[in-house]
Amino acid sequence: MLASAKQNDRDTEVGPVRHCIVSGAALGPGDGVRFVVGPNGEVVPDILGKLPGRGLWVRSSAQDISTAIAKGKFARAARRPVIVTDGLVEQVERLLTKRCIDLIALARRAGEAVAGYEKVRLRLRGRTDAVVVIAYDGADGSREKMKNFADGIPLIECLRAEELGAAFGREKTVHVALGDGGLAEKLQFEAQRLKGFRPYGRNGVTNDAEE
Numbered sequence: 720m721l722a723s724a725k726q727n728d729r730d731t732e733v734g735p736v737r738h739c740i741v742s743g744a745a746l747g748p749g750d751g752v753r754f755v756v757g758p759n760g761e762v763v764p765d766i767l768g769k770l771p772g773r774g775l776w777v778r779s780s781a782q783d784i785s786t787a788i789a790k791g792k793f794a795r796a797a798r799r800p801v802i803v804t805d806g807l808v809e810q811v812e813r814l815l816t817k818r819c820i821d822l823i824a825l826a827r828r829a830g831e832a833v834a835g836y837e838k839v840r841l842r843l844r845g846r847t848d849a850v851v852v853i854a855y856d857g858a859d860g861s862r863e864k865m866k867n868f869a870d871g872i873p874l875i876e877c878l879r880a881e882e883l884g885a886a887f888g889r890e891k892t893v894h895v896a897l898g899d900g901g902l903a904e905k906l907q908f909e910a911q912r913l914k915g916f917r918p919y920g921r922n923g924v925t926n927d928a929e930e
């Protein structure tokens, strides 16, 4: 029987110690993705950190996961032959993206999130929002204006306009604000992991989405 999810992660008095199997560097909260080896030997991403088995941690970036695959780091860390399916990097990106969209949708249903340039701008006047999300493929002008309005508020820029729109049941949206609370904290955590797979801010992306 597989061990519990926590049993094989080294713990200290201040919490679990997690090291990237590629670099050996210690990983802080929001820095890594946990993988486990399933009963059939397949490497499985454990985005929520709840699957049983020994955790194999990799820094949350497309480059590090690609390196782990290319250099056989999963098999070495697991100390057994493993199966790495094609598209593992893309699978992790999809799972992290879905996690972010789901959290924003939960915040919307709870009345803790608004979308649209004017609604977000009005919310920011009260300075009560915990996080602002701006689509990285949004139009430059509105993005820069919103950044000025959101000065001093945590900013997330690793989602596309169509992904933000999905959380609100619309085709696209560029600007979103979440109120202070647990969902905003969880979103920041997941966005920190997702940005290792995405351009953060401009980074050469053609911005053409309008709201």
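Read in the working numbering, the sequence shown has 760 at position 41, and its numbers run on one by one without any break.
Beta carbons: idealized from backbone N, C-alpha and C, even for Gly.
I believe Ser-785 touches Arg-912 by the beta-carbon criterion, under 8 angstroms. Please report the beta-carbon distance rounded to the nearest angstrom. Here residue 785 refers to the residue found at position 66 of the sequence shown. Here residue 912 refers to the residue found at position 193 of the sequence shown. In this structure Ser-785 does not touch Arg-912 by the C-beta definition: roughly 16 angstroms separates them, more than the 8 angstroms allowed.
What residues are listed by DSSP as bridge partners for Glu-761? Translated into the one-based positions of the sequence shown, residue 761 becomes position 42. According to DSSP, Glu-761 bridges with Ile-802.
Any beta strand (DSSP E) of 3 or more consecutive residues that is wholly inside the segment 761-840: With a minimum length of 3 residues, the continuous beta strand (DSSP E) runs that stay inside the segment 761-840 are 762-765, 775-778, 832-834.
Please list, in chain order, all residues of the same chain as Ala-796 whose beta carbon is under 7 angstroms from its beta carbon, the five residues on each side excluded. Here residue 796 corresponds to residue number 77 of the sequence shown, with the count starting at 1. Only Ile-740, Leu-775 meet the Cβ criterion.
Check for me: the beta strand (DSSP E) holding Asp-848 runs from which residue to which? Within the sequence shown, the letter at position 129 stands for residue 848. Under the DSSP assignment, Asp-848 falls in the beta strand (DSSP E) whose first and last residues are 848-853.
Report the partner residues of Leu-874 according to the DSSP bridge assignment. Start at 1 with the first residue of the sequence shown, and residue 874 comes out as number 155. Beta-bridge pairing links Leu-874 to Val-851.
Closest residue to Thr-892 among Gly-835, Gly-743, Leu-902 (Cα-Cα distance): Locating residue 892 in the sequence shown gives position 173, counting from the first residue. The residue with the shortest Cα to Cα distance from Thr-892 is Gly-835.
State the start and end residues of the unbroken alpha helix (DSSP H) segment that holds Gly-901. Here residue 901 refers to the residue found at position 182 of the sequence shown. Counting along the chain, the alpha helix (DSSP H) containing Gly-901 begins and ends at 901-913.
Can you tell me whether Arg-889 is helix, strand or coil according to DSSP? Residue mapping note: residue 889 aligns to position 170 of the sequence shown, counting from 1. Looking at Arg-889 - three-state DSSP - the assignment turns out to be coil, as it is neither helix nor strand.
Assign Leu-746 to one of two classes, buried (16 or more other C-beta atoms within 10 Å of its C-beta) or exposed (fewer than that). Against the sequence shown, residue 746 aligns to sequence position 27. Per the 10 Å Cβ criterion, buried.
Rounded to a whole number of angstroms, what is the C-alpha to C-alpha distance between Glu-837 and Ala-824? On the sequence shown, residue 837 is found 118 positions in, with the first residue counted as 1. On the sequence shown, residue 824 is found 105 positions in, with the first residue counted as 1. Roughly 19 angstroms between the two C-alpha positions.
Top-ranked residue by Cα proximity to Arg-845, from Arg-862, Asp-870, Lys-817, Leu-822: Walking along the sequence shown from the start, residue 845 turns up at place 126. Here residue 845 turns out to be Gly, not Arg, going by the sequence shown. Gly-845 has its Cα closest to that of Asp-870, out of Arg-862, Asp-870, Lys-817, Leu-822.
Please report the straight-line C-alpha distance between Ala-794 and Ala-849, rounded to a whole angstrom. As a working note, residue 794 is residue 75 in the sequence shown. As a working note, residue 849 is residue 130 in the sequence shown. Taking the straight line from one Cα to the other gives about 41 angstroms.
Residues bridged to Val-752 by DSSP? As a position in the sequence shown, residue 752 is number 33, starting the count at 1. Under DSSP, the beta-bridge partners assigned to Val-752 are Val-777.
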